[in-house]
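Please read the structure below before turning to the comments.
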Amino acid sequence: MGAIKDIVDLCIKLRDEVGERKAAEIIGKIQGHTLALQSEQAALLEKNSQLITDNLELKRKVLDMEEAHKKAIAALQEKHRTEISQLASVNASSSEDLDSSSKEILKLIFDRGDEVSNWEVMEKFKMQKSVADYHLDILLEEQMVHRTQYERPDTDFDYAQPALFKITSMGREFVVKNFIK
Numbered sequence: 076m077g078a079i080k081d082i083v084d085l086c087i088k089l090r091d092e093v094g095e096r097k098a099a100e101i102i103g104k105i106q107g108h109t110l111a112l113q114s115e116q117a118a119l120l121e122k123n124s125q126l127i128t129d130n131l132e133l134k135r136k137v138l139d140m141e142e143a144h145k146k147a148i149a150a151l152q153e154k155h156r157t158e159i160s161q162l163a164s165v166n167a168s169s170s171e172d173l174d175s176s177s178k179e180i181l182k183l184i185f186d187r188g189d190e191v192s193n194w195e196v197m198e199k200f201k202m203q204k205s206v207a208d209y210h211l212d213i214l215l216e217e218q219m220v221h222r223t224q225y226e227r228p229d230t231d232f233d234y235a236q237p238a239l240f241k242i243t244s245m246g247r248e249f250v251v252k253n254f255i256k
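In our numbering, the protein residues as written are 76 to 256.
What follows is the structure in structure tokens.
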């Protein structure tokens with residue numbers, strides 16, 4: 076900006092020193108253009124200053140957003156680790172909660188590879204129906220088996236249909252991890 080001002084000052088001095096009207100008129104035009112340039116330069120400097128300020132503000136916002144993003148990811152990762160830990164403890168406690176009879180019944184269903192009735196469990200393990208149902212209920216709650224048919228009692232025992240159970244993927248995993256070496 077100083078160079079333009081120097082040019083303007085020189086033009087004024089030259090105009091004052093030159094006596095010829097035509098030269099003075101040309102120098103006056105140069106002076107007008109130089110003043111216009113000086114004004115445009117000042118506007119550009121002001122605009123550039125504002126753009127620099129805006130750019131810094133945007134960079135600050137980006138940094139803030141990146142920091143917030145990192146914190147959100149860290150929180151989600153921690154939540155994920157907690158949920159996995161909880162699921163692992165639930166699965167661990169499930170296998171620990173199964174008593175030996177429930178485990179043997181699960182292995183029977185695994186070995187069969189097909190549906191097993193509650194009556195078959197009663198006969199195989201020489202237990203009362205209510206005890207067999209108790210162990211099958213535990214396996215149902217632990218999602219180790221699922222019921223494929225509900226028991227349908229009839230007045231005549233020969234026509235009654237037993238409940239049928241089939242092993243789930245969780246049950247197969249439990250048997251493989253605990254019985255198969």
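By construction, the Cβ of each residue, glycine as well, lies at the ideal position given by its N, Cα and C atoms.
Test item: CB-CB of arginine 247 and glutamine 236 under 8 Å: Contact: no.
Interface flag, leucine 162 vs chain D, CB-CB below 8 Å: Absence of chain D from the displayed structure is noted, only one protein chain being present.
Exposure label - alanine 150; buried when at least 16 CB within 10 Å: Around the CB of alanine 150, fewer than 16 other CB atoms lie within 10 Å, so the residue is classed as exposed.
Valine 196 vs leucine 211 beta-carbon contact at 8 Å: Cβ atoms of valine 196 and leucine 211: closer than 8 Å.
Buried versus exposed call for methionine 140 [16 or more other C-beta atoms within 10 Å across all chains shown]: Of the other Cβ atoms in all chains shown, fewer than 16 fall within 10 Å of the Cβ of methionine 140; this residue is therefore exposed.
Those residues which DSSP pairs with arginine 227 across a bridge: Arginine 227 pairs with Gln236.
Residue of Lys201, Lys97, Gln113 and Ile242 minimising C-alpha distance to lysine 80: For lysine 80, the nearest C-alpha among the options comes from Gln113.
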